[in-house]
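Heads up: the structure comes next, in structure tokens.
As structure tokens, this is what we get:
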């Protein structure tokens with residue numbers, strides 16, 4: 001028997017989740033030596049991804065939303081990179097890395113049927129290309145794919161245009177800005193600390209500002225002198241209201257998230273929507289899983305950008321509450337174990 | 001000399017325009033016998049179209065918007081059907097009907113260059129097909145083309161879906177509902193009087209309700225049991241906020257106008273926008289002139305629908321204030337003269 005620590009969803013939070021109440025740590029045990037049936041395998045969790053959308057899953061199961069609620073008193077789930085340490089599966093052989101949704105616990109027993117239902121894929125590229133494993137739940141994982149799909153499928157980005165990215169130092173925002181820059185756009189971002197703003201400039205943003213200490217409207221006027229063609233929307237609320245007045249005719253809003261709203265019991269209302277008619281704006285929501293077909297192209301493009309050092313990517317070993325409080329910086333990854 | 005009555009934009013209104021202040025009637029004279037140069041011609045105005053977007057043109061010239069402001073102390077302009085009564089133009093010969101933007105006055109002298117700049121087109125179909133002239137500024141004019149472009153270019157309507165049309169008894173709404181019905185959708189509409197609601201049912205809407213006396217949320221639940229796939233948005237404000245909760249995943253909002261907001265000095269803010277992300281909604285504004293390429297197909301399709309009696313269309317000889325106050329019923333047309 002080995003220790004198997006689990007991160008349990010234990011109560012629906014009001015406002016920001018509280019560790020020890022809404023999220024609890026449970027010590028259990030796992031039998032590594034129990035015999036496996038055909039098609040079964042055991043994975044060891046190496047990296048967990050912590051992402052803003054997970055707040056929406058911490059809800060009462062009766063409330064409908066785009067992603068399923070977490071099961072009460074069960075481990076939370078999210079994107080993971082895991083190593084197959086024992087296997088009687090031909091699809092997921094021993095020593096394979098496996099990417100996809102998984103339980104937040106150290107060890108998990110799976111079988112082919114469940115693994116396929118979760119869309120788990122073997123991803124052994126990091127064994128040979130030298131890219132850190134943690135990138136596979138970040139820049140090369142769901143957040144990276146979110147940025148990529150948003151820019152190309154909703155944003156229809158074109159060289160010479162101006163893009164503004166809110167929550168730009170977050171996992172998705174950083175990558176959205178850098179891909180857009182590589183595509184020849186003017187890239188402006190905002191974040192909630194001077195350190196984050198400095199980082200955005202280091203990784204190639206043409207302009208960046210601290211929305212907590214500076215006037216968003218004035219900074220957008222200064223940094224986007226030709227207006228905004230594409231808004232990568234991660235924030236919602238007042239930010240969206242201001243951006244609507246800066247968008248150009250035929251502007252696009254990539255509605256990726258509205259993190260400013262997730263912990264409010266009553267969401268803010270938004271003005272200036274008449275701009276959508278007057279400027280023929282397209283404001284479109286999307287979820288990365290709608291664009292699964294794009295994944296091979298995304299992986300090829302972005303792996304090459306990383307190898308060419310066109311993308312700089314920062315990850316911090318912090319966690320969920322930091323993401324929701326805006327304390328995070330880049331992608332939040334929990335390194336659980338080394339292979 | 002003949003009398004030439006003009007409708008003048010004389011002051012920027014606050015709230016609803018006031019006749020005699022913001023809009024004034026001016027008696028002038030017109031010399032029908034003055035010699036014409038080559039390329040010049042005189043038109044007699046037969047029908048004027050009165051539309052909600054015109055309120056937005058009654059603004060200070062310094063305020064930018066999608067349609068140009070009216071010129072102060074000059075005749076208002078809008079869509080017209082006019083008859084060429086004298087001509088030295090080969091493009092616009094005598095006795096042609098001419099469709100397009102024109103000054104709200106009885107007689108206008110034009111030349112080829114100006115006429116082309118305004119996109120005026122000769123439209124002699126009503127001479128032979130028996131369709132009333134007034135239809136050419138309504139169901140076969142800008143409002144009809146707006147409904148058509150909105151449904152096909154933004155709404156991507158599909159057989160079996162449910163569409164909800166607000167301001168459904170208006171010029172655009174009536175046609176949007178009837179085209180969608182002919183395409184095999186379930187069509188639900190709302191309007192502001194029981195008489196209008198009865199009319200919607202007569203012209204084939206599957207469901208209709210009076211948003212002033214009934215609870216919109218409850219009626220949408222009742223009349224759209226499978227949710228709303230496409231919302232033809234003419235209203236904005238609270239209506240939009242409610243509809244967002246009824247839209248299905250991958251719903252589309254055809255953002256055609258927000259008439260509830262035009263006469264407010266401060267527009268209402270809208271909640272529930274997180275639905276756009278969660279349900280991957282596309283909320284897109286458009287202006288009919290963006291889709292000029294669609295016009296031949298529109299005219300062919302809708303002319304045939306009228307001749308086949310698949311479209312019933314009501315026009316009232318009322319005017320602009322009635323449109324803004326919601327007193328209008330169908331398309332507002334001013335019959336200026338008979339040919």
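Protein chains in written order, with the UniProt record's numbering: chain E, 1 to 339; chain C, 1 to 339. We put the CB at the ideal spot given by N, CA and C, even for glycine.
One thing to note: residue 190(E) has its Cβ within 8 Å of the Cβ of residue 168(E).
Counting along the chain, the unbroken beta strand (DSSP E) around residue 6(E) starts and ends at 2-9. Residue burial annotation: residue 289(E) is exposed, with fewer than 16 other C-beta atoms found within 10 angstroms of its C-beta. If you compare the alpha carbons of 210(C), 253(C) and 21(C) with that of residue 153(C), the shortest gap goes to 253(C). Within the stretch 100-159 of chain C, the runs of beta strand (DSSP E) at least 3 residues long that lie entirely inside it are, in chain order, 107-111.
Contact between the stretch 265-277 of chain E and the stretch 82-98 of chain E is absent: fewer than three C-beta pairs spanning the two stretches fall below 8 Å. Neighbours of residue 280(C) in chain E, taken as residues whose beta carbon is under 7 Å from its own, are 285, 286, 287 and 290 in chain order. Residue 307(E) sits exposed, since fewer than 16 C-beta atoms from the chains shown fall within 10 Å of its C-beta. The DSSP assignment places complete beta strand (DSSP E) segments of no fewer than 3 residues inside the stretch 205-268 of chain E at 207-210, 228-233 and 247-255, in order along the chain. Contact with chain E is absent for residue 62(C), since none of that chain's Cβ atoms lies less than 8 Å from the residue's Cβ. The continuous beta strand (DSSP E) containing residue 189(E) extends over residues 186-191. According to DSSP, residue 41(E) shares a beta bridge with 87(E) and 110(E). In the structure shown, the three-state DSSP call for residue 306(C) is helix.
Inter-residue distance for residue 53(C) and residue 258(C) is about 10 Å (C-alpha atoms, whole angstroms).
DSSP, reduced to helix, strand and coil, places residue 18(C) outside both helices and strands of the structure shown, so it counts as coil. Proximity to residue 204(C) across 219(C), 186(C), 218(C) and 214(C) peaks at 186(C), based on C-alpha coordinates. Rounded to whole angstroms, the Cβ separation of residue 248(E) and residue 227(E) is 4 Å, and the two are in contact under 8 Å.
An exposed status is given to residue 60(C), since fewer than 16 other beta-carbon atoms sit within 10 Å of its beta-carbon. By the C-beta density criterion, residue 105(C) is buried, having at least 16 other C-beta atoms within 10 angstroms. Residue environment for residue 129(E): exposed (fewer than 16 other C-beta atoms within 10 angstroms of its C-beta).
Of all residues in the stretch 248-261 of chain E, the ones placed with a Cβ closer than 9 Å to any Cβ belonging to chain C are 249, 250, 253, 255, 256, 257, 258 and 261, in chain order. Within the DSSP bridge table, the entry for residue 283(E) names 253(E) and 283(C) as partners. Spatial neighbours of residue 119(C) in its own chain (CB-CB distance under 6 Å, excluding positions within 5 residues in sequence) are listed in chain order as 100. Using a Cβ distance threshold of 8 Å, residue 2(E) and residue 136(E) do not count as a contacting pair. Inclusion of residue 182(E) and residue 310(E) in the CB contact set at 8 Å is warranted, their separation being smaller than that value. Within the stretch 223-242 of chain C, the residues whose Cβ lies closer than 7 Å to some Cβ of chain E are 236, listed in chain order. Nearest Cα to residue 231(E) within the set 202(E), 158(E) and 45(E): 158(E). Burial check for residue 261(E): the Cβ neighbour count within 10 Å reaches 16 or more, so the residue is buried.
In the DSSP assignment, no residue is bridged to residue 199(C). With respect to chain E, the C-beta atom of residue 168(C) has no partner C-beta closer than 8 Å. Beta bridge pairing from DSSP links residue 29(C) with 3(C).
Cβ-Cβ distances below 7 Å link residue 11(E) to 21 and 22 in the same chain, with the five nearest sequence neighbours on each side left out; the list follows chain order.
Between residue 164(C) and chain E, the shortest Cβ-Cβ separation is not below 8 Å. Chain-order list of chain C residues neighbouring residue 267(E): 271, 272, 273 and 274, by C-beta distance under 9 Å.
Between the C-alpha atoms of residue 27(C) and residue 81(C) there is a straight-line separation of about 21 Å. Note that the C-beta distance between residue 283(E) and residue 148(E) is not below 8 Å.
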